[in-house]
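Written below as structure tokens is the structure these notes are about.
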Amino acid sequence: MKKLVALAMSLTMAFSLVACGSSDTSNTSTDAAATTAASTEAAQTAPAEKQDVSLRIWGAEEDQTMLQGMIDSFKEHYADYANFDIQLGTESESTAKDTVLADIEAAADVYSFASDQLIDLVNAGALQSVDEMDAALEAYAGKSVADVKSANAPGSVDAATKDGTLYAFPMSADNGYFLYYNSELVTPEDAQTWDTLLAAAEKAGKKVGMTLASGWYNASFFYGAGFTTALNDDGSTAMDWNGTSTDGVTGVQVVQAMLNITGNSAFLPIADGDVSNQIASGDLCAVVSGTWDATAAQTAFGDGYAATKLPTYTCGDKQIQQGSVAGFKLVGVNKYSANAGWATLLADWITNEDNQAVRFAEREIGPSNINVASSEEVSSNTAIAALSEQSAYGVVQIVGGKYWDPTATFGEKVAQGQLKADDEAGIQAALDELVEGVSVPAE
Amino acid sequence: MKKKKSGIGGFFKEFGEAVVKGDLFVKLSLVWMGAGYIRRKQIIKGILMTLLEVAVIVFTFGFATEYVRDFGTLGTVQQETVFNIVTMQNEFNDYDNSFMILLFSVVSFVIWFTFLVIWLKNEVTVYRLQKKAQAGEHINTFVEDLQQFKNDKFYITLLALPVMGVVIFTIVPLLILIAVAFTNYDQGHMPPSALFTWVGFTNFKNLLSSGGMTITFGYAFRKILIWTLVWALFATFTTYLGGILLSLLINNKRTKLPKLWRTLFIVTIAVPQFVSLLLVRNFFANNGIMNTICANAGITQWLRDIGAISTSYIPFLSAPGWAHVMIILINIWIGVPYQMLIATGVLMNIPSDQLESAKIDGATPLQSFIHITMPYMLFVTGPSLVTDFVKNINNFNVIYLLTQGVYTTTNQAMANSQAKEVDLLITWLFNLTQSYYNYKMASTIGIIVFILCAVFTLIAFSRFLKGDREEAFR
Amino acid sequence: MKRFIKTLLHNLLLAFLAFIWLVPIVWLVVTSFSAYTGMNTSTFFPKEWSLVNYKNLLFSADSVAQFPNWFKNTFIIACVVCVISTAFVLMVAYATSCMRFPARKPLMNAAVIVNLFPGVLSMIAVYFILKTLNLTNTHLGLILVYSAGSGLGYLIAKGFFDTIPNSLREAAYLDGASEATIFWKVVIPMSRPIIVYTVISSFLSPWMDFVYAKLLLNSGISSQWTVAIGLYNMLDKSLINTYFGQFCAGGVLVSIPISVLFVIMQKFYVEGITGGAVKG
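Sequence lines, in order, name chains G, E and Y. Going by the numbering used here, the first residue of the first sequence is number 73, and it counts up by one from there. Going by the numbering used here, the first residue of the second sequence is number 27, and it counts up by one from there. Going by the numbering used here, the first residue of the third sequence is number 1003, and it counts up by one from there.
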């Protein structure tokens, strides 16, 4: 019976969706027809009188106009069930956790955040389990949690899941990094390995930039060599970088390889968050960054603008493909929301297939939705194509809160050349210290 | 004016006397606070006191007990939710919020304490009324009582609001902060989803012991403490001396257009600190304009050649040593114009006859600066020098705005405690609360900072402020 | 001739110092007139001059830059804070300086102790107190935060009042004036410098603070912000490249009124500080 209702619902929704999508807000007869169809359906599931639902949603600064559009379509779509009063606020996805955790009860009902914040948010009880909302989704959105999971890339679902429970809706899959290069100075073959890349840069009198003083970037060398990070029960990070990886590479060897790269005069270590500035300065011919710098790279490299997966690096006598962190942007629902149900539907709405397509069309944000990601326009986008090429080597980074400072410092030490490539004992000691630092239980 | 018995001892003695020797209504006032007034025909005052008493009782039983009762455990009921599909809302159980219990308990204690003082005072006042009545003296009417607040008791009128503001927005938070240092309020125990509880002196032990590097904060704490003190010392004295020198320079009679010069320097104060500091930070960034200029001028290469730096840029604000010096220099830039203003004012009042006679005696400008100007300045501004030092220990803005997000430590042991070499205790604890929600450690550090400042102030004031200066000038 | 050279050198030294002090300020001003919206790191002066930053800041508000709103918010907050703080400071200063009552010394000692606690730390407690009063995300809450504790900053004003001769007040007292009248009619009119000093310093605090403001105004509605949070936010890693020019323009616009205020009030300001600082 439930399934039947769901089927009927989803058909209605699909119909009304098509209707909404095909016309603008000015009323047309099809629109009206669709609304009537939806409201007949609503009478069976929704409470007799319309609820007054007020919600607050946070999104990134750059997305405000687009989000307002999505909110408007949400209101219109569910107009028969409730009177919505939805307030849109700004909160950068990278700082959402800090603001939410300062006072969870005062945080927005729906907020977007970078996937690395998920664990802390769940631990603090700031996220509503999506699994518990299965019934609400079935009743009003005509889909189950399983549908949400299957619609999005497996990696993005993993990143939104903790201990087997889905805690957020995947919104985008572009929070990862790859290599931008200027094809007028660096050939695609040169961009395959760090050695040839740096040589080409040297020849062109330019530099290759990468952020090392961040555990988000520098982990890529370790992940590539088969090292891992994981979360312990006490909230600390389990890290094996000071030992030997499953691929038989030692951590010391990886650090030596990193030091060989940073020791090259054509390499430029860039401070965390300073990449866009550096691209704009015009001194670079290649840089490790993500889709957020696509415009900057396009402007700086001009016709030579190109992007590809990260290069391989020389470790001992073999080439190792540099890994990366597969990062996602997620949309979560505040557990303390006064209208958790409708908040969940809003979160689902702004991350559904259509709106992920809108997101790409308007802001070139790489979708996590499988259908949208495989569409013609998306796969032909230079940056997103490079990202998906790299995603084969991407790892969902699962770490505790005390991971970031120690790894940033470790990266800075490598970047500044404080460690010496021939001092194996020194490197081992530094790695041991690093592992000790990240393994401290969260306090 | 009537003679008042001084001190707390005297007060309690009078209270005791009131309880013992008071008549029926005075004794009744212990329970019904308005009783004594009504007996002496101070009806309005009696009603007001009764209302106050009722209000406190209502507060106590209607509100306070609900929280204070859990003060010993800081709550036991974990939060749980169930989603209700019909209302589309989460339904919560009646869960405890440790922080709210702590907050409202402290508020209740403050209110009760205040009430206790009022209650004690009330009894004494009522007894005095009785004595006045017995002696046949005039008893004030309500209007006359009100008049008092414009005269003898004008200080109460003046102080009521400011003191209330300080109590609510400074004292109560402080008490909470002190309490938190004895709990395990951290990321693993964050209300509303989780509870925290009392842990005694554990946090202090962890901070001050020097066991394993990462488990305790001891190592980072000592390093930061030393830098905090060094910073406070330099920041205070460089700007102080700089300000005096600059004002002497400007006030020198050789200076053309002294007003113009002064105004130029004042402009730097007028730019809000967060603007000027963020600006300077970008100015000296690793890829900032200053580095470009130095690279073009060949300074960067020269520093590399002599081995002062190993990077391709000058790490003005991103390497220990460099950053420490730069921070102090930038602070001079920020602080000197302000000190210059103060010094200008003080030096205007300097007894000029002394300087004149010194000049006639053949003293060099340096000599008269050391023997006349400085002693005078120190005498006048000594106390503010002490407060400046304390302010610099807690100088959040300069350090935070200059280093937050740009300085990455290369000391693994520091990083493992979420600290940087350039952190002051205050910025460290700010980061602990903002990024790591480690409120218990932040509070512990906060208390230590306080003790540090208190000890320093006590020593300094007992040296600088011999005797009661405040009456000396009248 | 020797005198002339000495004078010249003297003024050159001053000019040199002024140059150092003004370099960053000049950089702020010239960058605000740059056509490039990000941070220019290769040359001191912009390659292309333009008013675009000012135009965007003032006339095309987006969700990031709402400068006119911020300015208005901050101005209103600053004015109210200024009135309350000045009143509080003068009241406490008069009570402690000109009146004698039993709790006076203990209160003054308590004030010294309370001032030693780092304020940043009590932030979270202040936040929850305001939340209980339902005052978070309101400007009233922010006003309370800035002005409630201002009584603690009474020392300089007290020092100033201490210099007012007792005889003046006693004369008024003999004329039958009440303490309140003396406060209003005798002491306040004589205290122009210290009032100006207090007014300026309390007027400035809402323009400078971003820590409390950021914590309290946490609804993410950027039109509610104050100038300090708004400008601070523009230097966010993802925004700095688009908004650095506007940040500079905003900095200039904020600094102009404050500079003017300072320059005009300079004399009183100096007298106020020094009159008070004499006694600490």
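A virtual CB, placed ideally from N, CA and C, is assigned to each residue, including glycine.
Proximal chain G residues relative to Val-1066 of chain Y, where beta-carbon distance stays under 9 Å: Residues of chain G with a Cβ closer than 9 Å to the Cβ of Val-1066 of chain Y are, in chain order, Glu-133, Glu-134, Gln-136 and Thr-162.
Three CB pairs or more closer than 8 Å across the segment 360-380 of chain G and the segment 271-289 of chain G: Touching, yes.
Neighbour flag for Thr-481 of chain G against chain C, beta carbons, 8 Å: In the structure shown, chain C does not exist; the protein chains are G, E and Y.
Proximal residues of chain Y, C-beta to C-beta of Asn-180 of chain G below 7 Å: The sequence given here places Ala at residue 180 of chain G; Asn does not occur at that position. Those within 7 Å of Ala-180 of chain G in chain Y are Gly-1222.
Inter-residue spacing [alpha-carbon to alpha-carbon] between Phe-339 of chain G and Ala-132 of chain G: Pairing Phe-339 of chain G with Ala-132 of chain G, the inter-Cα distance amounts to about 32 Å.
Beta-carbon separation (whole angstroms), Met-467 of chain E vs Leu-286 of chain E, contact threshold 8 Å: 51 Å between Cβ atoms; not a contact.
Contacts that Gly-395 of chain G makes with chain Y (C-beta to C-beta distance below 9 Å): In chain order: nothing, as chain Y lies at least about 23 Å away.
Chain E contact residues for Ser-353 of chain G, given Cβ-Cβ distances below 9 Å: Going along chain E in sequence order, the residues near Ser-353 of chain G (Cβ under 9 Å) are Asn-313.
Straight-line Cα distance separating Ile-1242 of chain Y from Asp-494 of chain E: Only weak support is given to the placement of Asp-494 of chain E: the predicted model assigns it a pLDDT of 46, under 50, and the question is left unresolved by the model.
CB contact below 8 Å: Phe-456 of chain E versus chain Y: Yes, Phe-456 of chain E counts as interfacial toward chain Y.
Endpoints, the beta strand (DSSP E) within which Thr-459 of chain E is located: Unbroken run through Thr-459 of chain E is the alpha helix (DSSP H), 451-460; no beta strand (DSSP E).
For Leu-1019 of chain Y, the nearest candidate out of E:Ile-340, E:Tyr-211 and E:Phe-291 (CA to CA): Comparing Cα positions, the closest option is E:Phe-291.
Under 9 Å from the C-beta of Trp-1023 of chain Y: neighbouring residues of chain E: Near Trp-1023 of chain Y (Cβ distances below 9 Å), the residues of chain E are Leu-290, Phe-291, Val-293, Thr-294, Trp-359, Val-362 and Pro-363.
Selection of the segment 1091-1112 of chain Y by Cβ proximity to chain E, strictly under 7 Å: Against chain E - using a Cβ distance shorter than 7 Å - the residues of the segment 1091-1112 of chain Y are Met-1093, Val-1094, Tyr-1096, Ala-1097, Met-1101, Phe-1103 and Pro-1104.
Interface flag, Arg-1041 of chain Y vs chain E, CB-CB below 8 Å: Before going on, a small fix: residue 1041 of chain Y reads as Met here, not Arg. So, interface residue.
Contact set between Arg-280 of chain E and chain Y, taken where Cβ atoms lie within less than 7 Å: Those within 7 Å of Arg-280 of chain E in chain Y are Lys-1008, Thr-1009 and His-1012.
For Phe-109 of chain E, the three-state DSSP class (helix, strand or coil): Phe-109 of chain E falls in the strand class under three-state DSSP.
Neighbour list for Gln-299 of chain E in chain Y, Cβ cutoff strictly below 8 Å: Chain Y residues near Gln-299 of chain E: Met-1210.
Straight-line gap, Asn-322 of chain E to Tyr-253 of chain G (C-alpha atoms, nearest Å): For Asn-322 of chain E and Tyr-253 of chain G, the distance between alpha carbons rounds to 27 Å.
Cβ pair count under 8 Å reaching 3, the segment 366-375 of chain G against the segment 1257-1269 of chain Y: Touching, no.
Chain-ordered chain E contacts of Val-1147 of chain Y [CB-CB under 8 Å]: Under the 8 Å cutoff, chain E gives Phe-195.
CB contact check: Ala-1285 of chain Y to chain E, cutoff 8 Å: Summary: the structure shown does not reach residue 1285 of chain Y, with chain Y confined to residues 1003 through 1282, and so no result is reported for it.
Spatially closest choice to Arg-128 of chain G from G:Thr-162, G:Ser-145 and G:Thr-380, by CA coordinates: Checked all of G:Thr-162, G:Ser-145 and G:Thr-380; the closest Cα to Arg-128 of chain G is G:Thr-162.
Residue of Y:Val-1032, Y:Leu-1060 and Y:Lys-1216 minimising C-alpha distance to Phe-1047 of chain Y: Just measuring C-alpha positions, the residue of Y:Val-1032, Y:Leu-1060 and Y:Lys-1216 sitting nearest Phe-1047 of chain Y is Y:Val-1032.
Own chain partners of Ser-166 of chain G with C-beta closer than 7 Å, once the 5 adjacent residues on each side are dropped: Take Ser-166 of chain G, set aside five residues on each side of it, and the residues of its chain with a beta-carbon closer than 7 Å to its own are Ala-186, in chain order.
Beta-carbon proximity of Tyr-408 of chain G to Gln-394 of chain G, cut-off 8 Å: No. Outside cutoff.
Test: Pro-391 of chain E CB closer than 8 Å to a CB of chain Y: Chain Y places no beta carbon closer than 8 Å to that of Pro-391 of chain E, leaving this residue out of the contacts.
Boundaries of the beta strand (DSSP E) in which Ile-342 of chain G is found, first to last residue: For Ile-342 of chain G, the uninterrupted beta strand (DSSP E) segment begins and ends at 339-342.
Closer than 9 Å at the beta carbon, the chain Y residues around Ala-174 of chain G: Residues of chain Y passing the Cβ test: Ile-1126, Tyr-1129, Leu-1217 and Asn-1220.
Pairwise C-alpha distance: Asp-1211 of chain Y and Ile-1115 of chain Y: Cα to Cα, Ile-1115 of chain Y sits roughly 23 Å from Asp-1211 of chain Y.
DSSP state of Ile-476 of chain E mapped onto helix, strand, coil: One point to set straight first is that residue 476 of chain E is Phe, not Ile, in the sequence displayed. It is helical.
Inter-residue spacing [alpha-carbon to alpha-carbon] between Leu-200 of chain E and Val-193 of chain E: C-alpha separation (whole angstroms): 9 Å.
Within chain Y, partners of Phe-422 of chain E - CB distance below 7 Å: In chain order: Val-1122.
Leu-1016 of chain Y beta carbon less than 8 Å from that of Leu-275 of chain E: Between Leu-275 of chain E and Leu-1016 of chain Y, the C-beta spacing is below 8 Å.
Contact between the segment 419-430 of chain G and the segment 253-266 of chain G (3+ Cβ pairs under 8 Å): Contact annotation: the segment 419-430 of chain G does not touch the segment 253-266 of chain G, with fewer than three C-beta pairs closer than 8 Å.
Ser-1225 of chain Y: contacting residues in chain G (beta-carbon distance under 7 Å): Going along chain G, no residue has its Cβ under 7 Å from Ser-1225 of chain Y, so there is no contact; the nearest lies around 10 Å.
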